[in-house]
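Taken in sequence, the protein lines are chains A and B.
Numbering follows this note's numbering, with no gaps: position 271 of the first sequence is 271.
Numbering follows this note's numbering, with no gaps: position 58 of the second sequence is 1058.
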Amino acid sequence: MSRLPITKTPKVYVGGAFIRSESARTFPLKDAAGNFFANIPQCTRKDLRNAVEAAAKAGPGWAKRTAYNRGQIIYRLGEMLEARKADLADALSVGGALRPDGKRGIAREIEATIDRLIYYAGWADKYEQVLGNVNPVASPHFNFTVTEPMGIVGLLAPEEAPLLALVSLIAPAITSGNTVVALASTTQPYPAIVLGEMLATSDLPGGVVNLLTGYRKELVPTFATHTHLRAIAGVANADERKALKLGAAESVKRVKLHKTEEPVNWFSDQAQSLYDVRDTLEFKTTWHPIGA
Amino acid sequence: MATPAQHVFRRLFDEVGPVDHVGIEERVAKYTTRSIKKGAKLWGLKTAVSMVDLTTLEGKDTPGKVESLCQKALSPHGDPDIPTVAAVCVYPSMVKHARRALGEDTAVRIASVATAFPSGQAPLRTRLAEVKSAVADGADEIDMVINRGAFLAGEFQLVQDEIAAVREACGAATLKVILEVSELETYDNIRAASFIAMRVLRPNDFIKTSTGKTTLNATLGNNQVMLEAIRDFYLDTGTPIAMKPAGGIRTAKQALQFLIAVKETLGDEWLNNTRYRFGASSLLNDLLRQIEKEKTGAYQAPYYFSEAAESY
């Protein structure tokens, strides 16, 4: 007797829960052979709004964790990915037509992704020593600069390297205590779905990382105008960059974008940096009087 | 064998009619599926602002806090297009501070909880004295609690007489009768208590769901039971009674759902702040936030709006 197939309903990870789009809309995803694979949630601006609410709720708790603890949790996320490399390899081969580098390329992407998490896990309790400062001043003051996370960061992942690029954007933002709402690759959204399942088992509090799938055209304008997002990072084309900058000017948010026309080599060491942590930090300088 | 108390409940339920529990739940579930957009939504949000009884009922209330609440009531968001709220709702000892902050000639009314709020467990003499003192200090509206202990013991006449006594003590002030639905336990009891109160109220006096001090507050379900009681009472007697859900209504979306319930149960004549109010504090901020969203098209951060008093 043949067994009925049990297929997975892909859901996105928002606020620590797996949800469908509030609109109930989906878009079909095909596997490498061009056959129907699954329906992916087509998230809307309302889903983005809900994700921002979830990120706002999780924010203070995450930022209040000790830097050491945040490092432990991000390291733990790396461990979760390491244990499920096979799942990730399967996820990355969906939409494999886009991957000229085949199986070896997939393995390389997964390892680079895990290494990237470990890299930022290490920075978690060290970036403050490098970016913070005691400033020399010509008055009887002890003057020092410390960093603070900005709050909620919106991320726009590129189409290529759907796992590595997404994680490379998420990791530096959450290292310092920001929470994120990330839009995954539209053509290869499935790795983000599987990543959500790993985030859920990684000790990362629900709502710190919120992943959306859907069409950029529908969501980028809301990323631009939502006043509760404090920064936008990721990859965008010329039209999107313009929309994002206009919206960001209105709502006074920081924009750090790579250009779609100049692809980033996500595998290289240049794609990981302390300065990516700095991009989503605010600096606070304090003048403290001392006796002359 | 039914006890005497059960007999009096049975007689009252027979008289006012029973509540179809499942029917109510299904009816109100439908209210959450209505699609209110654009102009209608903006109208609903502004109407909801005008219906808010902006409330602070905490042990730590100070004259200063009440004063800032009054400022917010007069000018919710510094936008002349947004109406003032209906009233501020404070403890009796704060009424004079509210009156000083609002002045004599103001659209914002002052409501005061009285009658040993929230438990009501004080001698009637004390409760009436509290009402009179609040009115003398300048309260336009009195929110009283019913004697739930007497109600649950089946002493309906006592409950009704006390409400009538408080009504007399109010003088010209509007009376709001808090049933404290979470302590009445069933929809049948809520309907019965609504009738007991309505029979001694004047036109446009209120019945109100809760104190906001217990675990369960206003829900669409108990709001609906009370709206239907008001409707049936109005059709019977021609006396229009007003309604105030309080506690637990924190979002603009909820407020719109309550307004839909009013519109579809009682009609347009109840869609104003003489006949319908929201007892709330954080609701106002979410209403302002959604109005701003409708006007600008951009989702707003909550910290763009002033802090809410966190009593509800």
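C-beta atoms are modelled at their ideal positions from N, C-alpha and C, and glycine is treated no differently.
All values derive from a computational prediction rather than experimental measurement.
query, result
"CA-to-CA distance, Val181 of chain A to Asp276 of chain A, given in whole angstroms", "17 Å"
"Listed by chain order, chain B residues near His288 of chain A by CB distance under 9 Å", "Going along chain B, no residue has its Cβ under 9 Å from His288 of chain A, so there is no contact; the nearest lies around 27 Å."
"Start-end ranges of the alpha helix (DSSP H) lying completely within the stretch 1180–1217 of chain B, minimum 4 residues", "1187–1198"
"Interface residues of chain A facing Gly1297 of chain B [CB-CB closer than 8 Å]", "Thr225"
"Beta-carbon neighbours of Tyr1304 of chain B, restricted to chain A and to distances below 8 Å", "Thr227"
"Start and end residues, alpha helix (DSSP H) containing Lys1060 of chain B", "Looking at the DSSP string, Lys1060 of chain B is not in any alpha helix (DSSP H), and its letter there is neither H nor E."
"Coarse secondary structure for Ile309 of chain A, derived from DSSP in three states", "Residue 309 of chain A falls outside the range modelled here, since chain A spans only 1 to 292, and no answer is possible."
"For Asn143 of chain A, the three-state DSSP class (helix, strand or coil)", "strand"
"Assigned secondary structure, Met1144 of chain B (DSSP; H/G/I helix, E/B strand, else coil)", "strand"
"Cross-chain neighbours of Gln1300 of chain B in chain A, by beta carbon under 8 Å", "Thr227 and His228"
"Selection from A:Met198, A:Asp90, A:Glu109 and A:Ala107 that minimises the alpha carbon distance to Met80 of chain A", "A:Met198"
"Lys1263 of chain B (DSSP reduced to helix, strand or coil)", "helix"
"Start and end residues, beta strand (DSSP E) containing Thr1174 of chain B", "Thr1174 to Ile1178"
"Neighbouring residues, chain B, relative to Arg49 of chain A (Cβ below 7 Å)", "Tyr1299"
"Thr222 of chain A at chain B interface by Cβ criterion, 8 Å", "yes"
"C-alpha gap between Ala157 of chain A and Arg65 of chain A, whole angstroms", "27 Å"
"Proximity to Arg88 of chain A [Cα-Cα], best of A:Thr113, A:Ser251, A:Arg70 and A:Arg76", "The question names Arg, but residue 88 of chain A in the sequence shown is Leu. Nearest C-alpha to Leu88 of chain A: A:Thr113."
"Runs of beta strand (DSSP E) wholly within the stretch 1266–1312 of chain B (minimum 3 residues, chain order)", "1278–1280"
"For Arg49 of chain A, the first and last residue of its enclosing alpha helix (DSSP H)", "Arg45 to Lys64"
"Terminal residues of the alpha helix (DSSP H) in which Ala242 of chain A lies", "In the sequence as displayed, the identity of residue 242 of chain A is Lys instead of Ala. Residues Ala238 to Ser251."
"Beta-bridge pairing of Cys1070 of chain B - partner residues as DSSP gives them", "Partner(s): none; Cys1070 of chain B has no beta bridge."
"Through-space distance from Tyr1187 of chain B to Gly1023 of chain B, alpha-carbon basis", "11 Å"
"Interface residues of chain B facing Ser293 of chain A [CB-CB closer than 7 Å]", "Beyond the ends of chain A as shown, which are 1 and 292, falls residue 293 of chain A; an answer cannot be given."
"Glu1162 of chain B: first and last residue of the uninterrupted alpha helix (DSSP H) it sits in", "Phe1156 to Cys1170"
"Start and end residues, alpha helix (DSSP H) containing His1021 of chain B", "His1021 to Tyr1031"
"Buried versus exposed, by CB contacts within 10 Å (16 or more), His226 of chain A", "buried"
"Spatial distance of Leu297 of chain A from Ile170 of chain A (CA atoms)", "No statement about residue 297 of chain A is possible, as the shown extent of chain A runs from 1 to 292 and does not include it."
"Alpha carbon of Met1243 of chain B to alpha carbon of Thr1274 of chain B, nearest angstrom", "9 Å"
"Residues near Asn1223 of chain B in its chain [Cβ-Cβ closer than 7 Å; skip 5 each side]", "Thr1209, Pro1245, Phe1258 and Ala1261"
"Reduced DSSP category for Lys1037 of chain B - H, G, I as helix; E, B as strand; rest coil", "coil"
"Proximity of Glu1180 of chain B and Arg1148 of chain B at Cβ, strictly below 8 Å", "yes"
"Nearest-angstrom beta carbon gap, Ala1116 of chain B and Arg1127 of chain B [assumed within contact, 8 Å]", "5 Å"
"Beta-carbon proximity list for Ala124 of chain A, same chain, < 6 Å, skipping 5 on both sides", "Ala67, Arg70, Gly71 and Thr175"
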